[in-house]
Amino acid sequence: MHVLIVDDEPLAREELSYLVMQHPKITSTAEAESVEEAMEEMMDQKPDIVFLDIHLTDESGFDLAEKFTHLKKAPYLIFATAYDAYALKAFQVNAKDYLLKPFEEQKIHQALDKALKEIAQQQPTVQTFEAIPIQGEDRIYLVAPEEIYLVSVEERQLNIETKEQRYQMTGSLNKIEQKLPTELFLKTHRSFILNRTKIQEIQPWFNNTLQVILENGSRVPVSRSYVKQFKESVGLQ
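Reminder that position 231 of the sequence shown reads as 231 in the UniProt record's numbering, one-by-one numbering, no gaps.
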């Protein structure tokens, strides 16, 4: 986790940076003494957590906090100040915590624990899928579904394409279709199933059909019987 400390007092920044870095889950800190410097750091480093003083030289920390509210992904904001009269206003600009100087390591770490817990809860869960076993000539390959671009069949021979590999095995398209997660895969033809996340381009084709070009360059037909379902699945209708 990366932390930005905004304070116009160098000694205060140094002390707080030291205490923050004692936390085992904080990997780095940056410092800024003004709103302008802080916004530059925000754009450049995109810190996860910001400690912000209220009174900066000729500026107010609330001005910076207000700017954070317009960011698509705002940092976790903690006011760290010598003034106890602004707590209510701080929470009105989406501050998550309010710490008073002089800083104590225990309170800093408690605030960081709280921040890390909330940030973790906001992060989307990465969905994983069960690997697909592919029978080769002398071994069985386990391939993650998200790495598969295309599955096709020709005369009972299955072709499974990834970005750089092409596997072949005997079997039916219907049987392997049952193992592929529907969140990723679409059947576009009786002989083709593609990974919708690997689509690069969709082209109109003859007789009101479509042709799909995947990121690995493969060209996949969408037959007339699958066009309506395909368009709905990729948001074309």
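Built from N, CA and C at the ideal position, the CB exists for glycine as well.
Which residues bound the alpha helix (DSSP H) around Arg-13?
10 to 21
In the DSSP assignment, find the unbroken beta strand (DSSP E) run with Tyr-167 in it and report its ends.
166 to 170
With a threshold of 8 angstroms between beta-carbons, can Val-222 be considered close to chain D, or not?
Absence of chain D from the displayed structure is noted, only one protein chain being present.
Three-state secondary structure (DSSP) at Arg-219?
Three-state DSSP puts Arg-219 in a strand.
Give, in chain order, every unbroken run of the alpha helix (DSSP H) that is at least 4 residues long and sits entirely within the UniProt domain "Response regulatory" (2 to 116).
At a cut-off of 4 residues, the continuous stretches assigned as alpha helix (DSSP H) that sit fully inside the UniProt domain "Response regulatory" (2 to 116) are 10 to 21, 35 to 45, 61 to 68 and 87 to 92.
Does the beta-carbon distance from Gln-203 to Leu-210 come in below 8 angstroms?
yes
Should Ala-12 go down as buried or exposed, given a rule of 16 or more other Cβ atoms within 10 Å for buried?
buried
Compare the beta carbon distance of Ser-17 and Glu-31 with 8 angstroms and say whether it is the shorter of the two.
With contacts defined by Cβ atoms closer than 8 angstroms, Ser-17 and Glu-31 form a contacting pair.
Alpha-carbon to alpha-carbon, Ile-132 and Asp-8
57 angstroms
Which of the three DSSP states, helix, strand or coil, is assigned to Leu-173?
helix
Compute the distance between the beta-carbons of Glu-105 and Leu-236, then report whether it is under 8 angstroms.
no
Mapping DSSP to helix, strand and coil, what is Ser-191?
coil
Classification of Asp-113 by the beta-carbon crowding that lies within 10 angstroms, buried from 16 upward:
By the 10 Å Cβ count, Asp-113 comes out exposed.
Using the Cβ count rule (16 or more neighbours within 10 Å means buried), how would you classify Tyr-44?
Looking at the sequence shown, residue 44 is not Tyr but Asp. Asp-44 is exposed by the Cβ-count criterion.
Give the range of the alpha helix (DSSP H) segment to which Tyr-226 is assigned.
224 to 234
What does the Cβ neighbour count give for Lys-73, buried or exposed, with the cut at 16 atoms within 10 Å?
exposed
Roughly how many angstroms lie between the CA atoms of Tyr-98 and Thr-128, to the nearest whole one?
38 angstroms
Consult DSSP for Gln-127 and reduce its assignment to one of helix, strand or coil.
coil
Given a cut-off of 8 angstroms on the beta-carbon distance, is the pair Val-153 and Thr-188 in contact?
no
Alpha-carbon spacing of Thr-69 relative to Gly-217, whole angstroms:
42 angstroms
With DSSP collapsed to three states, give me the class of Gln-178.
coil
CB Pro-221 to CB Phe-192, shorter than 8 angstroms?
It is a contact, given that the beta carbons lie within the stated cut-off.
So, is Asp-53 buried or exposed, given that buried needs 16 or more other C-beta atoms within 10 angstroms?
buried
Could you compute how far the alpha carbon of Gln-92 sits from the alpha carbon of Thr-162?
50 angstroms
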